[in-house]
Amino acid sequence: EVCVAVETCSKLRPHTGSSSLPSSYASVGHYGFSDKVIDGLTVTINSVHVTFKSPVFTAVFQVSRVLLDSRSPGWQRVPDLRMTKLKDTDRNMLLLFKELSWQSVRIEAKGRSTEPQQMNLAPLRLITNACHCRITIKKKLTDCSVVGCRLVVLLDDLLWVLTDSQLITACHFAHSLTDIVKQATQQSHKVKAVRKLESLPDYYAGPPNQQGSSKAAGGGSHGGGIAAAASMNVFNKFDVIETSYHFVCEQIDLHLCDDPGSGRSSHPMLTMGASLQLSLTHFRVDYYPYHLAAGDRAHWIRYSDCGPQQLSAGALSHFRNLLVEALSGARIPHAPLARAPPHPGPHPQGASQSSQSHSTTATTTNITSSSTTTTNTSSTTSNSSSNTLSHQLKGIVTSQMRQLMSSVCVLSIRDFTVFRVTTSSRRQPPKEFVTSEFILCVLFIALLYWVP
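Numbering-wise (full-length UniProt numbering), the sequence shown opens with residue 1 and increments by one.
Have a look at this one:
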């Protein structure tokens, strides 16, 4: 049995920075025998008891029959541990495949605040069935540092019955953790985004298949080159391009019930209580915390590069143009307007005055022509300098936006159904009220830029 106590802090502790990483991120030397032993361990725990405390509520997690073991790339149990690793000696990378499974999880949460409005919060309870978590870890062979990770939580089905008061309690508990989670996320992004940017040339230098094939074909015999190319293809198939977290549940049934008492509806058929059932099929959440905003999404799991990718690319291009215009003055300066000379009319006086008028008009015309020529020259010079400045700013903005990262969350539901309200006095088989005939996909994108 393992007991863990976790408590939230009112203020975040200062981060140590990227220069002093924990010892688990890197080893002293090359990947050796001791690292192989640690990575190949199998851990079995009968019970895990986790107590989570915050100023608003206390939660208890009880996990039974926990098993952590090594698997093959196809997530099969194999007798040889060498089949649970994939190596790429050309890039000095290693892939490890682990699976974490448990039999059941029991979650209980209740309020602990002394405020009158929060003392009557209803307790929350949730019990889940067997679940397993697939973990793919990418390490460097040179120093054993962790480069990336892919974590997938797979749950068969989930049934949760919530009353009105329990739903309000769940929203209140989640809202109490919003600020501290947001601050911790922003703090960790400042450090981890820098580490991801430093390793981006290794990820996005080019297609790994072409690089590996050229290296494998360039050296060794023909048979060795074929074997190396085959090994490279297998590694690229299961490679972790970037860190990601995934949650997949095949079926979620949510029953919303009303509490007894005065809070119920005054309708005669609902005075004894009623419930509403919501069913979600193949509920999936994919989270990519450190992704280049202009990077490729072809390696994302079950993601179609169609509308969302085009919309985000168009938004980034529009933002870049607006930023260049704002930095360059947004408008090209116009040439100053010159007043036209007055039209000479008939003079009532003598020829001397007429000749003097012609002389004045010619002088004015010459001055105006000279002024117009000077204005056109200065306007051309101004336009040329403005275009040069705009081109330089566009190059600087484009190069800086290549480092723009994004945190993307993809929510997809294959099918959802809302059933008709059922009452205690009228027990009938559930009938569909609202159902979907399409796949729902929602993207939440937050842009991140690290300022040194």
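Virtual Cβ for every residue (Gly too), placed ideally from N, Cα, C.
Bear in mind the structure is a predicted one, so any value in this text is a computation, not a measurement.
Item to complete: Since I believe E250 is in contact with D156 (beta carbons under 8 Å), could you give me their beta-carbon distance rounded to a whole number of angstroms?
Response: As a working mapping, residue 156 is identified with position 156 in the sequence shown. As a working mapping, residue 250 is identified with position 250 in the sequence shown. Indeed, because the Cβ distance is near 6 Å, the residues count as touching under 8 Å.
Worksheet item: If you compare alpha carbons, which of K53, D90, K139 and L158 is closest to Q277?
Response: The sequence position of residue 277 within the sequence shown is 277, counting from 1. When each option's Cα is compared against that of Q277, the closest is L158.
Fill in: Opposing strand residues paired with W160 [DSSP bridges]
In the sequence shown, the residue the question calls residue 160 occupies position 160. DSSP, once it has assigned bridges, lists L254 as partnering W160.
Worksheet item: Can you list, in chain order, the residues of its chain whose CB lies under 6 Å from that of S176, leaving out five sequence neighbours each side?
Response: By one-based count along the sequence shown, residue 176 stands at place 176. Excluding sequence neighbours, S176 sits near V56.
Worksheet item: Which whole-angstrom value describes the C-beta separation of G314 and T243, a residue pair presumed to lie in contact below a C-beta threshold of 8 Å?
Response: One-based indexing of the sequence shown puts residue 314 at position 314. One-based indexing of the sequence shown puts residue 243 at position 243. Not a contact, Cβ separation roughly 26 Å.
Discussion item. If I follow the unbroken beta strand (DSSP E) through D88, where does it start and stop?
Written reply: Taking the sequence shown and counting its residues from 1, the one referred to as residue 88 is at position 88. K85 to D88 is the span of the beta strand (DSSP E), which, as asked, contains D88.
Worksheet entry | For Y245: DSSP bridge partner residues | Sequence index remark: in the sequence shown, residue 245 carries index 245 (1-based). Answer is L151 and Y287, bridged to Y245.
Item to complete: Put E432 into one of helix, strand or coil per three-state DSSP.
Response: Within the sequence shown, residue 432 is the residue found at index 432, counting from 1. Three-state result, E432: strand.
Worksheet entry | Extent of the continuous beta strand (DSSP E) run through F238 | Counting from 1 along the sequence shown, the entry for residue 238 is found at position 238. F238 -> no beta strand (DSSP E), and no H or E assigned at all.
Item to complete: Could you round the C-beta distance between V37 and V48 to whole angstroms and report it? I think they count as a contact, below 8 Å.
Response: On the sequence shown, residue 37 is found 37 positions in, with the first residue counted as 1. On the sequence shown, residue 48 is found 48 positions in, with the first residue counted as 1. Actually they do not touch by this definition, with Cβ atoms about 24 Å apart.
Practice prompt. Report the three-state DSSP secondary structure of M405 (helix, strand or coil).
Written response: One-based indexing of the sequence shown puts residue 405 at position 405. Judged by DSSP in its simplified three-state form, M405 adopts strand.
Practice prompt. Would you mind working out which of T388, S275, N321 and Q76 sits nearest R420, comparing C-alpha positions?
Written response: Residue mapping note: residue 420 aligns to position 420 of the sequence shown, counting from 1. That would be S275, whose Cα lies nearest to the Cα of R420.
Item to complete: Indicate whether the contact test is met: 3 or more Cβ pairs, each with one atom in the region 166-185 and one in the region 136-152, closer than 8 Å.
Response: Because the criterion of three Cβ pairs below 8 Å is not met, the region 166-185 and the region 136-152 do not touch.
Item to complete: Kindly indicate the opening and closing residues of the beta strand (DSSP E) around D143.
Response: Translated into positions along the sequence shown, residue 143 becomes position 143. Looking at the DSSP string, D143 is not in any beta strand (DSSP E), and its letter there is neither H nor E.
Worksheet item: In chain order, what residues of the same chain lie with their CB nearer than 8 Å to the CB of K11, ignoring the 5 residues before and after it?
Response: Here residue 11 corresponds to residue number 11 of the sequence shown, with the count starting at 1. Nothing meets the Cβ criterion.
Worksheet item: Does the region 282-293 touch the region 397-408, meaning 3 or more C-beta pairs lie closer than 8 Å?
Response: yes
Discussion item. As a quick exercise: from N129, L121, F97 and E108, pick the residue whose alpha carbon is nearest that of K138.
Written reply: For this step, residue 138 is matched to residue 138 along the sequence shown. Closest option to K138, judged by alpha-carbon separation, among N129, L121, F97 and E108: F97.
Fill in: Where the beta strand (DSSP E) containing D69 begins and where it ends
The residue you call residue 69 lines up with position 69 of the sequence shown. It spans F57 to S70 - the beta strand (DSSP E) in which D69 sits, taken as one unbroken run.
Fill in: N46 versus E99 - alpha carbon distance
Mapped onto the sequence shown, residue 46 falls at position 46. Mapped onto the sequence shown, residue 99 falls at position 99. Whole-angstrom Cα-Cα distance: 16 Å.
Worksheet item: Excluding five sequence neighbours on each side, which residues of the same chain lie with their C-beta closer than 7 Å to the C-beta of H291?
Response: Sequence index remark: in the sequence shown, residue 291 carries index 291 (1-based). Non-local beta-carbon contacts of H291 in its own chain, meaning distances under 7 Å to residues more than five positions away in sequence, involve E242, M405, S406 and V408 in chain order.
Item to complete: Check whether the Cβ atoms of M144 and D258 lie closer than 8 Å to each other.
Response: Counted from its first residue, the sequence shown places residue 144 at position 144. Counted from its first residue, the sequence shown places residue 258 at position 258. Checking the displayed sequence, the identity of residue 144 turns out to be Cys instead of Met. Cβ atoms of C144 and D258: not closer than 8 Å.
Worksheet item: Which one of G111, G40 and T388 has the shortest CA to CA distance from R60?
Response: In the sequence shown, the residue the question calls residue 60 occupies position 60. Note on residue identity: the sequence assigns Val, not Arg, to residue 60. When only C-alpha atoms are compared, the closest one is G111.
Worksheet item: Distance, Cα to Cα, K190 vs C3?
Response: Position 190 of the sequence shown holds residue 190. Position 3 of the sequence shown holds residue 3. Rounded to whole angstroms, K190 to C3 spans 32 Å at the Cα level.
Worksheet item: Exposed or buried, what is residue 463 when buried is set at 16 or more other beta-carbons lying within 10 Å of its beta-carbon?
Response: Here the chain comprises residues numbered 1 to 452, so residue 463 is not present and cannot be evaluated.
Discussion item. Below 8 Å on the Cβ atoms is my contact criterion, and I expect T422 with L270 to pass it. Report the Cβ-Cβ distance as a whole number of Å.
Written reply: Here residue 422 refers to the residue found at position 422 of the sequence shown. Here residue 270 refers to the residue found at position 270 of the sequence shown. Actually they are not in contact, since the Cβ atoms of T422 and L270 sit about 11 Å apart, beyond 8 Å.
Worksheet item: Thinking C-beta only, is S104 closer than 8 Å to A122?
Response: One-based indexing of the sequence shown puts residue 122 at position 122. One-based indexing of the sequence shown puts residue 104 at position 104. Cβ distance not < 8 Å, so A122 and S104 don't count as in contact.
Item to complete: Would you mind working out which of V78, D239 and A174 sits nearest D88, comparing C-alpha positions?
Response: Locating residue 88 in the sequence shown gives position 88, counting from the first residue. Looking at the Cα atoms, D239 is the closest of the given residues.
Discussion item. Please state the DSSP three-state secondary structure of E99.
Written reply: Residue numbering aside, residue 99 sits at position 99 when the sequence shown is read from its first letter. DSSP places E99 in strand when its eight states are reduced to three.
Discussion item. Would I180 and H246 qualify as a contact pair, given that the criterion is a beta-carbon distance under 8 Å?
Written reply: Residue mapping note: residue 180 aligns to position 180 of the sequence shown, counting from 1. Residue mapping note: residue 246 aligns to position 246 of the sequence shown, counting from 1. Contact: no.
Worksheet item: What did DSSP end up calling H30 once you bin it into helix, strand or coil?
Response: Mapped onto the sequence shown, residue 30 falls at position 30. In this structure, H30 counts as coil in the three-state DSSP scheme.
Worksheet item: From I252 to P79, what does the alpha carbon distance come to, in whole angstroms?
Response: Here residue 252 is taken as the residue at index 252 of the sequence shown, counted from 1. Here residue 79 is taken as the residue at index 79 of the sequence shown, counted from 1. I252 and P79: Cα-Cα distance of roughly 36 Å.
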